[in-house]
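Participant: Here the sequence shown stands for residues 8 to 173, numbered as in our numbering.
Take this structure, written in structure tokens, and hold onto it; I'll ask about it next.
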Amino acid sequence: MNDLQIDDIKTDENAAMVLLVDDQAMIGEAVRRGLSNEENIDFHFCSDPHQAIAQAVRIKPTVILQDLVMPGLDGLSLVREYRNHPATKDIPIIVLSTKEDPLIKSAAFSAGANDYLVKLPDTIELVARIRYHSRSYMTLLQRDAAYRALRVSQQQLLDTNLVLQR
Numbered sequence: 008m009n010d011l012q013i014d015d016i017k018t019d020e021n022a023a024m025v026l027l028v029d030d031q032a033m034i035g036e037a038v039r040r041g042l043s044n045e046e047n048i049d050f051h052f053c054s055d056p057h058q059a060i061a062q063a064v065r066i067k068p069t070v071i072l073q074d075l076v077m078p079g080l081d082g083l084s085l086v087r088e089y090r091n092h093p094a095t096k097d098i099p100i101i102v103l104s105t106k107e108d109p110l111i112k113s114a115a116f117s118a119g120a121n122d123y124l125v126k127l128p129d130t131i132e133l134v135a136r137i138r139y140h141s142r143s144y145m146t147l148l149q150r151d152a153a154y155r156a157l158r159v160s161q162q163q164l165l166d167t168n169l170v171l172q173r
């Protein structure tokens, strides 16, 4: 279960907090421009893959857009790092890459990516995928919060029953 609390992130089901990790500033600017007219999408850019996990933990994105080819740390390794970190393990990851090879796409999914787009995708498609994955993530967090509340209620009920049986 996800340790992140639903209160820690946006609760508007249409809101999305996007983190793009790409070493190319021009890609960051192109994506920012494409998303700038969209309501309820907050965009953050990280050009240093070594800072990506820390930035994700700090801003609590509902979707991560991840490049594959970067100096010093390849994107597939970073996808695996997200999946191994407790604060980012469930955040949807959309790989953005110039690579169209089906084997690379398969490797991205095997590493833990939720989606794959060849960059730069059409803005309509990118926004649709961001909103879809963000809503799915919010639903996951809401389900986990409800499950935790149910466990607390069950324990309180058991404790109350024990007191009443004395």
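Glycine is no exception: its CB is placed at the ideal position from the N, C-alpha and C atoms.
What residue does the beta strand (DSSP E) around Ser104 start on, and which one ends it?
Facilitator: Ser104 -> beta strand (DSSP E) spans Ile100 to Ser104.
Participant: Use the C-beta contact count for Pro93: other C-beta atoms within 10 angstroms, 16 or more gives buried, fewer gives exposed.
Facilitator: By the neighbour-count rule (16 or more Cβ atoms within 10 Å), Pro93 is not buried but exposed.
Participant: For Gly82, count neighbouring Cβ atoms within 10 angstroms of its own Cβ and tell me buried if that reaches 16, exposed if not.
Facilitator: Result: buried.
Participant: If you follow the alpha helix (DSSP H) that Leu148 is part of, which residue opens it and which one closes it?
Facilitator: Counting along the chain, the alpha helix (DSSP H) containing Leu148 begins and ends at Thr130 to Gln172.
Participant: I need the straight-line Cα distance from Asn91 to Thr69, nearest angstrom please.
Facilitator: Each residue's Cα considered, the two are about 17 Å apart.
Participant: Among Val125, Leu80 and Val170, which residue has its Cα nearest to the Cα of Val102?
Facilitator: That would be Val125, whose Cα lies nearest to the Cα of Val102.
Participant: I need the DSSP call for Leu3, collapsed to helix, strand or coil.
Facilitator: For residue 3 there is no data in the structure shown, the boundaries of the chain being 8 and 173.
Participant: Using the Cβ count rule (16 or more neighbours within 10 Å means buried), how would you classify Thr95?
Facilitator: So Thr95 ends up on the buried side.
Participant: Taking the alpha-carbon of Asn47 as reference, which of Gly79, Leu110 and Ser141 has the nearest alpha-carbon?
Facilitator: Comparing Cα-Cα distances from Asn47 to each of Gly79, Leu110 and Ser141, the minimum goes to Ser141.
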